[in-house]
Structure formats: structure tokens, C-alpha cells
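Peer 1:
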Amino acid sequence: MSPKPFSSVWTRERRGTREQGLSRDQIVRAAVELLDAEGLDALSMRKLGARLGAGATSLYWHVANKDELIELVMDEVYAAVVLPEDADWRETTRVFAYGMRGAVFAHPWSAGLIGVVPALGPNALTAADRLMGAFVRAGFQGVDVDYACTAVVSYTLGATIPEVAFLGTLENSGQSVADLQAAVDPILMKAVADRPNLLERFSSYSNMAYDPLVARRLAFEFGLTALLDGLDRHRTDGS
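At position 214 of the sequence shown (counting the first as 1) the number is 214 in UniProt numbering, and the numbers step up by one without a gap.
(1) Between ARG101 and PHE222, which are expected to be in contact by the criterion C-beta below 8 Å, what is the C-beta distance as a whole number of angstroms?
(2) If GLU85 and ARG130 are in contact, beta carbons under 8 Å, what's the gap, nearest whole angstrom?
(3) DSSP three-state call for VAL63: helix, strand or coil?
(4) Taking the C-alpha atoms as reference points, what is the distance between VAL116 and LYS66?
(5) Can you list, in chain order, the stretches of the alpha helix (DSSP H) that have 4 or more residues and sit fully within the UniProt domain "HTH tetR-type" (21 to 81)?
(6) Measure the CB-CB distance between ARG94 and LEU198 and report whether it falls below 8 Å.
(7) Kindly indicate which residue of TYR60, GLU13, ALA128 has the alpha-carbon position closest to the one of GLY49.
(8) Which residue marks the beginning of the alpha helix (DSSP H) containing SER173, and which one marks its end?
(9) On the premise that MET132 lies in contact with VAL152, defined as a C-beta separation below 8 Å, what is that separation, rounded to the nearest angstrom?
(10) Cα separation between PHE140 and SER173?
(11) Take GLY168 as the anchor and find which of LEU72, ALA106, VAL82 has the nearest alpha-carbon.
(12) DSSP on VAL117, reduced to helix/strand/coil?
(13) With a threshold of 8 Å on Cβ separation, who are the neighbours of MET74 within its own chain once the five nearest residues in sequence on each side are excluded?
(14) When burial is assigned at 16 or more other CB atoms within 10 Å of the CB, is PHE96 buried or exposed?
(15) From which residue to which residue does the alpha helix (DSSP H) around ALA183 run?
(16) Can you tell me where the alpha helix (DSSP H) holding ARG201 begins and where it ends?
(17) By a C-beta neighbour count over all protein chains shown, 10 Å radius and 16 as the cutoff for buried, is GLY238 buried or exposed?
(18) Once the 5 residues before and after ALA183 are set aside, which same chain residues still bring their CB inside 8 Å of it?
(19) Taking GLU221 as part of the alpha helix (DSSP H), name the residues at either end of that continuous run.
(20) I'd like the span of the alpha helix (DSSP H) that includes VAL9, first residue to last.
(21) So the candidates are ALA31, MET189, LEU83; which of them puts its Cα closest to the Cα of GLU71?
(22) Exposed or buried, THR92, counting other C-beta atoms within 10 Å across all chains shown (16 or more means buried)?
(23) By the three-class DSSP mapping on this structure, what secondary structure does PRO108 have?
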């Protein structure tokens, strides 16, 4: 079987709005609203058309298929990651990390699409360009620039996506954090009874005002600071 040729909505010229037709921006905004309200499984060209009160012709004028629509909505997610052009590299990295984290929290459906859908849109590329530029100005050289960018993106998503999944599970359960914790704690303590390191750590949580959501936010900041401190050692200009 011949491999499927690569195609992207970003590789062809954008069409203008047809007379009395929908604009691409209108379609993308409506798609994001649908995804935020009902999730990825609910998105279809038919359902989107009904939401917009438009026929398929109006949609397909701008997007050839659902895959192209997904590319467009993902770039709308990246629009929330607005980086300064000439800021210090640590500040730029923090803005990127917290911006990307906030975007995924705001649009949980996007978590399963990052790294799967080509990030070739203007918002994604602008964010990547400015993050890379910050590392170059800081003294990173050659392939270290790529490694630094990859490390930041990997950490941000690796820390954020499981948290989004936890919040989704919590929402679907209809329980509060306290209720879920009360139900899970006895099971967890029994499971780690013969694992001393885990037992000691988990036991300590019961002696403090432990909020898992606050703990996750603090953990994200801790990890990001540790990552930046580590990256700092790989710069060459010492500034």
C-alpha cells in the first residue's frame, strides 16, 4: 500500500469568504465552542454545520475535511501562548510553559491532539519561533537550542496532560476532591503497606492540610524552576 501523501490546511492558499457565506474564522470559533462544550467525539462537519445554521458547502469551501478543521482549531488553542519578542529567556520560557498549560486546561480535548496534529499554523509557529529566539539570545548554540525547546515543551505537556486527565475523571465522577481523596486513601494506604518509602510519604499527607490541586500547581512550578536551572548550565555566554 502506498503511503498517504502529507497534506495540511496550511499548505494551500486560504480562500476568501464567499458572498453571504461564513468566514473561516467563524467556523473555527464555532468548532472550538462545540469542542469545549461536548468534547472531541462530538465534533463532526454535520453537527458543526447545524450549529452554524449552514450547509456543508459553506464549510467545505474553507476546509476539505475534518482533519483540516482539527488543524485550524488546534492553532486557535496555540493562540493563547503569546510570548514576548525580546524578553529574558527564563521569562519567555515561563510565559510559554504557563501559557501552554493554561491553554490545555481551557481546552481539555486538545490534550490528545498535541503531537498528533501538525503544528504548522501561524500561532504555533510564532510561539515556537519566539521560544527558540529566546534560547539563541541566551547563548544556547547549535542543536542545544533544539534540545532546550524540546525539554521545555516535553516538561510542560508531561506535567499538564495527566493533571487534565485527573480533573476530567473528577468531573465525570461527580465527586469533590475531598470525597475522592477520602474514598481512595484507605485503598492506597493498604496497597503501599509493604513499600516503606511510599508509605512514609503518603502517611505524611494525612498530617497536613493537603490539597491535591494546590500540590499539583506547586509541583509544576518546582519542576519548571528545576528545569530552567538545569538548562542554565548549558548556556555559553554566562549572562
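A virtual CB, placed ideally from N, CA and C, is assigned to each residue, including glycine. What you are looking at is a predicted structure, and each value in this text was computed from that prediction instead of being measured.
Peer 2: Short version:
(1) What you label residue 101 is simply residue 101 of the sequence shown in a count that begins at 1. What you label residue 222 is simply residue 222 of the sequence shown in a count that begins at 1. Wrong, their Cβ atoms sit about 14 Å apart, outside the cutoff.
(2) The sequence position of residue 85 within the sequence shown is 85, counting from 1. The sequence position of residue 130 within the sequence shown is 130, counting from 1. Rounded to whole angstroms, the Cβ separation of GLU85 and ARG130 is 6 Å, and the two are in contact under 8 Å.
(3) Counting from one through the sequence shown, the residue named residue 63 turns up at place 63. DSSP places VAL63 in coil when its eight states are reduced to three.
(4) Here residue 116 refers to the residue found at position 116 of the sequence shown. Here residue 66 refers to the residue found at position 66 of the sequence shown. In this model, VAL116 and LYS66 are separated by some 14 Å (Cα to Cα).
(5) Complete alpha helix (DSSP H) runs here, min 4: 24 to 38, 45 to 52, 56 to 60, 66 to 78.
(6) Residue 94 sits at position 94 when you count from the first residue of the sequence shown. Residue 198 sits at position 198 when you count from the first residue of the sequence shown. No, these two residues do not count as a Cβ contact at 8 Å.
(7) Translated into positions along the sequence shown, residue 49 becomes position 49. Selected option, being the one with the closest Cα: TYR60.
(8) Start at 1 with the first residue of the sequence shown, and residue 173 comes out as number 173. Here the alpha helix (DSSP H) through SER173 covers 143 to 173.
(9) Within the sequence shown, numbered from 1, the residue matching residue 152 stands at position 152. Within the sequence shown, numbered from 1, the residue matching residue 132 stands at position 132. No, VAL152 and MET132 are not in contact; Cβ-Cβ is about 10 Å, not under 8 Å.
(10) As a working mapping, residue 140 is identified with position 140 in the sequence shown. As a working mapping, residue 173 is identified with position 173 in the sequence shown. In a straight line, the C-alpha of PHE140 is about 46 Å away from that of SER173.
(11) Numbered from 1 along the sequence shown, position 168 holds the residue referred to as residue 168. Nearest of LEU72, ALA106, VAL82 to GLY168, Cα basis: ALA106.
(12) Within the sequence shown, numbered from 1, the residue matching residue 117 stands at position 117. Strand.
(13) Against the sequence shown, residue 74 aligns to sequence position 74. If we look at MET74 and ignore the five residues flanking it on each side, its Cβ neighbours are SER110, LEU113, ILE114, VAL117, ALA119, GLY121, ALA124.
(14) As a first step, residue 96 must be located in the sequence shown, where it is residue number 96. Within a 10 Å sphere around the beta-carbon of PHE96 sit 16 or more other beta-carbons, which makes this residue buried.
(15) The residue you call residue 183 lines up with position 183 of the sequence shown. ALA183 -> alpha helix (DSSP H) spans 177 to 191.
(16) Residue mapping note: residue 201 aligns to position 201 of the sequence shown, counting from 1. Counting along the chain, the unbroken alpha helix (DSSP H) around ARG201 starts and ends at 196 to 205.
(17) For the purposes of this step, residue 238 is identified with residue 238 of the sequence shown, where counting begins at 1. Caution is warranted here: a pLDDT of 48 is assigned to GLY238, below 50, making its placement in the model unreliable, and the coordinate value is therefore given only provisionally. GLY238 comes out exposed.
(18) The residue given as residue 183 occupies position 183 in the sequence shown. These residues qualify, in order along the chain: GLN175.
(19) For the purposes of this step, residue 221 is identified with residue 221 of the sequence shown, where counting begins at 1. Run containing GLU221: 212 to 232, per the alpha helix (DSSP H) assignment.
(20) Residue numbering aside, residue 9 sits at position 9 when the sequence shown is read from its first letter. Here VAL9 belongs to no alpha helix (DSSP H), and DSSP marks it neither H nor E.
(21) Here the question's residue 71 lines up with position 71 in the sequence shown. The shortest Cα separation from GLU71 among ALA31, MET189, LEU83 belongs to ALA31.
(22) Locating residue 92 in the sequence shown gives position 92, counting from the first residue. If you draw a 10 Å sphere on the C-beta of THR92, you find 16 or more other C-beta atoms in it, and that means buried.
(23) Numbered from 1 along the sequence shown, position 108 holds the residue referred to as residue 108. Looking at PRO108 - three-state DSSP - the assignment turns out to be helix.
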